[in-house]
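Below is one structure, written out as structure tokens; comments come after it.
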Amino acid sequence: MSLLDKLVRIAVSIIIIDLQYTRLTALEHSLAGWVMNTSHKTVVGQLQGKKASVRLMKKWLKETGSPKSRIDRCKFSNEKTISSLEFSTFTIRK
């Protein structure tokens, strides 16, 4: 199984967004990793899973996001192939 490890950076207009939507969407796509709000009014995180699932999640993050978020910019970096998942589920970090 080919897996991708993604570091996801998303600039949003407000710091308080409902990250639960992001978590649930990631779990629906069988992804592992984490997401969190930063003090700079952005959201960062990491996605791991099958390439197709990561691709769908990237599209959701870039074009849809949670209902209360406004996506001004979405940047993905540090893409690499991994041999196994480093996380067992998708969590919200504080």
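With the numbering used here applied, the sequence shown covers 87 to 180.
All C-beta atoms in this analysis are idealised placements derived from N, C-alpha and C, irrespective of residue type, glycine included.
- Cβ atoms of Thr177 and Trp120 come within 8 Å of each other, at about 5 Å.
- The Cβ atoms of His115 and Gly131 lie no closer than 8 Å to each other.
- The three-state reading of DSSP puts Arg156 in coil, since its state is none of H, G, I, E or B.
- Runs of the beta strand (DSSP E) spanning 3 or more residues and lying entirely within the region 124-177 occur at 128-136, 157-168, in chain order.
- Between Thr175 and Ala138, the CB-CB gap reaches or exceeds 8 Å.
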